[in-house]
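**Student:**
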Amino acid sequence: MNQKAMQRALHIFFTAEEAQTVNADVILRIRKIDSEREKYAQKALEKHFGENILPTLALYLVLKEKDAEGALVLTEKITNEMYDIGRKWMAFFGRFPFFYWLIQKMTPGMMKRIFPPEGWDVEWLEGSKKQVAFNMHTCFYLNSLTEYNAAELTPIFCGLDDLIYDEVSPHLLWKRTGTLGHGDTYCDFRFINPKQE
9 MNQKAMQRAL
19 HIFFTAEEAQ
29 TVNADVILRI
39 RKIDSEREKY
49 AQKALEKHFG
59 ENILPTLALY
69 LVLKEKDAEG
79 ALVLTEKITN
89 EMYDIGRKWM
99 AFFGRFPFFY
109 WLIQKMTPGM
119 MKRIFPPEGW
129 DVEWLEGSKK
139 QVAFNMHTCF
149 YLNSLTEYNA
159 AELTPIFCGL
169 DDLIYDEVSP
179 HLLWKRTGTL
189 GHGDTYCDFR
199 FINPKQE
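Numbering follows the numbering used here, with no gaps: position 106 of the sequence shown is 114.
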């Protein structure tokens, strides 16, 4: 997520003047939180916090000051709008018949790099021609947001997986039955090859 994506999203839900004010307030809140926190030594965790968690947390806190009851729903709408670019990228690659093969080959390495054990406890179940399947038993997003008394934001991030993967390609089926953010015992990730079903 970057500041331009947030600015674009804010303009969808606010007048130009309101969007500018909210954006300025969010930037100030980001700076305040960032100056008061300890940085993560693990680069991937720092990136997740700085680029994803922190902007959404700051947005939510700013919106809560303006409308406590509607802040969570509006934060979700704005966040989904900001991350819609991820779905567009997936849809681009999803056009190709080898899309599942890409998911199968790239996911294990990507998970090790981007979702390290310092932040996530990942249980690998399968990486075959049929499906890529794993469960997450701990989540850096849930833990971080809980520290800021904002665990209610976690389902927004869980929902981004659905936004990005659900029905994005005829060459991939995305299935999920639960997430830690929704109170389940683990998050399940299932990328299924429809040709092997």
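Built from N, CA and C at the ideal position, the CB exists for glycine as well.
What separation, rounded to the nearest whole angstrom, lies between the Cα atoms of residue 76 and residue 159?
**Tutor:** Spanning the two alpha carbons is a distance of roughly 15 angstroms.
**Student:** CB-CB under 7 angstroms to residue 201, same chain, minus the five flanking residues each way: which ones, in chain order?
**Tutor:** These residues qualify, in order along the chain: 108, 137, 138 and 139.
**Student:** Should residue 162 and residue 189 be called a contact, given that it needs their Cβ atoms to be closer than 7 angstroms?
**Tutor:** Yes; because the gap between Cβ atoms is below 7 angstroms, this pair is in contact.
**Student:** Residue 188 lies in the beta strand (DSSP E); which residues open and close that run?
**Tutor:** It is not in any beta strand (DSSP E) - residue 188 carries neither H nor E in the DSSP assignment.
**Student:** Helix, strand or coil: how does DSSP classify residue 140 here?
**Tutor:** The answer is strand: DSSP assigns residue 140 an E or B state.
**Student:** Is residue 37 closer than 7 angstroms to residue 69 when the C-beta atoms are compared?
**Tutor:** Yes. Within cutoff.
**Student:** For residue 199 and residue 90, what's the separation of their Cα atoms in angstroms?
**Tutor:** Computed Cα separation, rounded: 23 angstroms.
**Student:** What first and last residue would you give for the alpha helix (DSSP H) that runs through residue 197?
**Tutor:** Segment 195 to 200 is the beta strand (DSSP E) holding residue 197; no alpha helix (DSSP H) there.
**Student:** Run through the DSSP bridge pairs and tell me what residue 135 is partnered with.
**Tutor:** Note: residue 135 sits in a beta bridge opposite 140.
**Student:** Ignore the nearest five residues each way along the sequence and tell me which others in residue 84's own chain have a CB closer than 6 angstroms to its CB.
**Tutor:** Same-chain partners within the cutoff: 164.
**Student:** Could you tell me which of 151, 59, 175 and 64 sits nearest to residue 99, measuring between CA atoms?
**Tutor:** For residue 99, the nearest C-alpha among the options comes from 175.
**Student:** Below 8 angstroms on the Cβ atoms is my guess for residue 17 versus residue 86; work out the distance and round it to an integer in Å.
**Tutor:** Confirmed, about 5 angstroms.
**Student:** Under 7 angstroms between the Cβ atoms of residue 129 and residue 146?
**Tutor:** Yes, they are a contact pair.
**Student:** Could you check where the alpha helix (DSSP H) with residue 72 kicks off and where it finishes?
**Tutor:** That run of the alpha helix (DSSP H) goes 62 to 74.
**Student:** Looking only at its own chain, which residues have a Cβ that is under 7 angstroms from the Cβ of residue 196, when we skip the five neighbours before and after it?
**Tutor:** Hits under 7 angstroms: 143, 184, 185 and 186.
**Student:** Could you check where the beta strand (DSSP E) with residue 40 kicks off and where it finishes?
**Tutor:** Taken as a continuous stretch (DSSP letters only), residue 40 belongs to no beta strand (DSSP E), being part of the alpha helix (DSSP H) at 24 to 44.
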